[in-house]
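A.B. asks:
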Amino acid sequence: VKAVGSLTERNIVFLEEAIGPANPEEFKALRDCVTPKICGGEIITTPKEMIDRINNDIYDFVQPDASVIGGIGAVMKVFSAAKQRGTEVVVHAWGGPVAIMASYHAAFAGGGSLVEYPMLSFPLGDEMLGDTLKISGGHLKRPDGPGLGVNLSENIEKRYPFDETAVYSCKTLEWNKSPETYW
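All residue numbers for the sequence shown refer to the numbering used here, where the first residue is 189 and numbers rise by one.
1. Name the residue from L340, L312 and G274 whose alpha carbon lies nearest to the alpha carbon of G299.
2. Below 8 Å CB to CB, which residues in the same chain sit around W282 once its five sequence neighbours on both sides are set aside?
3. If you draw a straight line from the C-alpha of G258 to the C-alpha of H280, how long is it?
4. Buried or exposed: V201, going by 16 or more other Cβ atoms within 10 Å of its Cβ?
5. Can you list, in chain order, the residues of its chain with a C-beta nearer than 7 Å to that of E315? Leave out the 5 residues immediately preceding and following it.
6. Expressed to the nearest angstrom, what Euclidean distance is found between the alpha-carbon atoms of G333 and I207?
7. In chain order, what residues of the same chain lie with their CB nearer than 8 Å to the CB of E204, ignoring the 5 residues before and after it?
8. In whole angstroms, give me the CA-to-CA distance for R219 and I242.
9. Going by DSSP, which residues form a beta bridge with C227?
10. Helix, strand or coil for V256 per DSSP?
11. Once the 5 residues before and after P209 are set aside, which same chain residues still bring their CB inside 6 Å of it?
12. Assuming contact is defined by CB atoms lying nearer than 7 Å, are K225 and D248 in contact in what I supplied?
13. Express the C-alpha separation of L302 and V278 in angstroms, rounding to a whole number.
14. Indicate the three-state DSSP secondary structure (helix, strand or coil) for I232 in the structure shown.
15. Say yes only if the C-beta of I232 is nearer than 6 Å to one or more non-hydrogen atoms of the ligand GTP, and no if none qualify.
16. Are G318 and P285 closer than 7 Å when you measure CB to CB?
17. Can you tell me the Cα-Cα spacing of L195 and V256, whole angstroms?
18. Closer than 7 Å by C-beta to V338: which residues in its own chain qualify, once you throw out the five before and the five after it? Chain order, please.
19. What is the DSSP secondary structure of W371, counted as helix, strand or coil?
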């Protein structure tokens with residue numbers, strides 16, 4: 189808690205997953221100790237668990253991820269429960285283009301006013317999304333085409349073949365290790 193204020197001279201708006209999902213009651217205690225909003229839920233895997241956290245006032249706002257919680261329908265259940273409790277929903281979007289667009293479509297359908305927008309360069313994702321993702325005046329524009337707005341052509345598949353050594357891990361920065369060592 190002491191570190192939060194000393195991390196930067198800038199105003200911290202929110203703390204995301206500051207504790208980890210295994211200790212929801214500690215989020216409530218943290219909310220009482222710091223000024224920034226407390227959010228989480230990006231790795232919650234069921235609507236029931238997220239709704240329980242909403243009903244128990246664990247977070248200031250929740251971050252369901254359609255690719256983790258069970259799809260667009262599951263995120264819509266979270267939006268419904270959150271509206272009843274007055275809890276804001278900010279969809280999490282940190283996966284590939286299909287996951288990102290599923291979360292964004294849920295946000296559009298659920299009336300979300302803010303979304304997470306990944307800022308890292310991801311050439312495959314950029315190609316699959318093309319000009320689907322547009323920001324104008326600080327607002328994400330609703331796609332107007334059919335489906336999620338993701339294109340996976342044979343040409344894209346050929347340029348980006350499956351790589352079994354490509355493993356994403358929050359725990360290691362050891363590149364080119366066998367994927368089996370991570371499981």
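The C-beta atom is built at its ideal place from N, Cα and C for all residues, glycine as well.
C.D. replies: In terms of the structure at hand:
1. To locate residue 299, count along the sequence shown from 1; it is residue 111. The shortest C-alpha separation from G299 is found at G274.
2. The count along the sequence shown starts at 1 and reaches residue 282 at position 94. Cβ within range, chain order: E230, D253, I288, E304 and P306.
3. For the purposes of this step, residue 258 is identified with residue 70 of the sequence shown, where counting begins at 1. For the purposes of this step, residue 280 is identified with residue 92 of the sequence shown, where counting begins at 1. Each residue's Cα considered, the two are about 13 Å apart.
4. Counting from 1 along the sequence shown, the entry for residue 201 is found at position 13. Classification for V201: exposed.
5. Position 127 of the sequence shown holds residue 315. I344, listed in sequence order.
6. Here residue 333 is taken as the residue at index 145 of the sequence shown, counted from 1. Here residue 207 is taken as the residue at index 19 of the sequence shown, counted from 1. Taking the straight line joining both Cα atoms gives about 39 Å.
7. Here residue 204 is taken as the residue at index 16 of the sequence shown, counted from 1. C227, G228, E230 and Q251, listed in sequence order.
8. Mapped onto the sequence shown, residue 219 falls at position 31. Mapped onto the sequence shown, residue 242 falls at position 54. Distance between the alpha carbons of R219 and I242 is about 14 Å.
9. The residue given as residue 227 occupies position 39 in the sequence shown. Answer by DSSP bridge pairing, in chain order: E204 and F249.
10. Counted from its first residue, the sequence shown places residue 256 at position 68. Helix, per DSSP.
11. Position 21 of the sequence shown, counting from 1, holds the residue named residue 209. Cβ within range, chain order: I231.
12. Taking the sequence shown and counting its residues from 1, one reaches residue 225 at position 37. Taking the sequence shown and counting its residues from 1, one reaches residue 248 at position 60. Contact: yes.
13. Taking the sequence shown and counting its residues from 1, the one referred to as residue 278 is at position 90. Taking the sequence shown and counting its residues from 1, the one referred to as residue 302 is at position 114. For V278 and L302, the distance between alpha carbons rounds to 5 Å.
14. In the sequence shown, counting from the first residue as 1, residue 232 sits at position 44. Coil, per DSSP.
15. Absence of the ligand GTP is noted for the structure shown, with no ligands found whatsoever.
16. Residue mapping note: residue 318 aligns to position 130 of the sequence shown, counting from 1. Residue mapping note: residue 285 aligns to position 97 of the sequence shown, counting from 1. Their beta carbons are not under 7 Å apart, which means G318 does not touch P285 by this criterion.
17. Within the sequence shown, numbered from 1, the residue matching residue 195 stands at position 7. Within the sequence shown, numbered from 1, the residue matching residue 256 stands at position 68. Distance between the alpha carbons of L195 and V256: 30 Å.
18. Within the sequence shown, the letter at position 150 stands for residue 338. Taken in chain order, the residues that qualify are P285, V286, M289, M316 and L317.
19. Working through the sequence shown from its first residue, we reach residue 371 at position 183. Any answer about W371 is weak, because its pLDDT of 43 lies below 50 and its placement is not dependable; what the coordinates show is given next. Looking at W371 - three-state DSSP - the assignment turns out to be coil, as it is neither helix nor strand.
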